[in-house]
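Peer 1: Quick one: the structure is below, and I'll ask about it shortly.
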Ligand SMILES: [Zn+2]
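In this note's numbering, the protein residues as written are 11 to 163.
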C-alpha cells in the first residue's frame, strides 16, 4: 500500500523513537534494553525507568505476548477505520505493554490473556505494527508443528 492510498494517520517518528520505526519498517520489533539493570523499556525513553541508567540499547524482541486489556471500537476515529475495531494493550513476554490494533480476530473472540504475536504492515516507508492471535506453543519435544514449519519437516 502506498501512503496516498492509506487514509489512516501514520506515525511521525521523533528523534527518540526513530530506531523503533526504522526496525518496524524491516519487520523487526525492537525495544530499548537497559545495559545497567537489564530492564526492557517502552515507550522510548532517554533513561531507564527502573534504574535511571542512560545506557539504553535497541534490542530485537520476538514480539510475542498476551492480551492485557482491550477495547472494541464501534465508532471509528475517522471514516478510514473499519468497525468494529479492536485496540489492545499487549503485555510482551519481555514485560513492557504496548497499545496496538488486534487483527485477524473477531472482536467477540478476543480474551484477556490470549496469546498474540506481532504482525507488520508496510505503508510506503513506514512499518506499522499490529498483533494477531498466535497458537499456543508446543511443549518441548512434542511433534506439534511450529508456525512456519512445513509438514515435510
Ligand atoms: Zn536500568
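Think of the CB as a built atom: it goes at the ideal place given N, C-alpha and C, for glycine as much as any other residue.
The structure displayed is predicted, hence computed values, not measured ones.
Starting from residue 49, trace the beta strand (DSSP E) both ways and give me its first and last residue.
Peer 2: Per DSSP, residue 49 belongs to no beta strand (DSSP E) and is neither H nor E.
Peer 1: Check the DSSP bridge columns for residue 143 and list the partner residues they point to.
Peer 2: 126
Peer 1: Which whole-angstrom value is the C-beta distance of residue 75 and residue 101, which I expect to be below 8 Å?
Peer 2: 5 Å
Peer 1: Can you give me the C-alpha to C-alpha distance between residue 85 and residue 47, rounded to a whole angstrom?
Peer 2: In a straight line, the C-alpha of residue 85 is about 42 Å away from that of residue 47.
Peer 1: Considering only the alpha carbon of each residue, which of 36, 44, 77 and 18 lies closest to residue 59?
Peer 2: 44
Peer 1: Alpha carbon to alpha carbon, what distance is there between residue 61 and residue 136?
Peer 2: 32 Å
Peer 1: Got a sec: does ligand 1 put a non-hydrogen atom nearer than 7 Å to the Cβ of residue 119?
Peer 2: No, since every heavy atom of ligand 1 falls outside the 7 Å radius drawn around the Cβ of residue 119.
Peer 1: Anyone know if the C-beta pair for residue 63 and residue 128 falls short of 8 Å?
Peer 2: no
Peer 1: Near residue 105, what residues of its chain come up, given a Cβ to Cβ distance below 6 Å and the 5 sequence neighbours on each side ignored?
Peer 2: 50
Peer 1: By DSSP, does residue 65 sit in helix, in strand, or in coil?
Peer 2: coil
Peer 1: In chain order, what residues of the same chain have a beta carbon less than 8 Å from the beta carbon of residue 80, not counting five sequence neighbours either side?
Peer 2: 96, 97, 98, 99, 112, 120 and 122
Peer 1: Would you mind sorting residue 33 into buried or exposed? The rule is 16 or more other CB atoms within 10 Å of its CB.
Peer 2: Under a 10 Å Cβ-count criterion, residue 33 is classified as buried, with 16 or more other Cβ atoms of the shown protein chains found around its own Cβ.
Peer 1: Using the rule of at least 16 other Cβ atoms within 10 Å of the residue's Cβ for burial, across every protein chain shown, is residue 92 buried or exposed?
Peer 2: exposed
Peer 1: Can you name, in chain order, every residue of its own chain whose Cβ lies under 7 Å from the Cβ of residue 146, other than the five neighbours on each side?
Peer 2: 125
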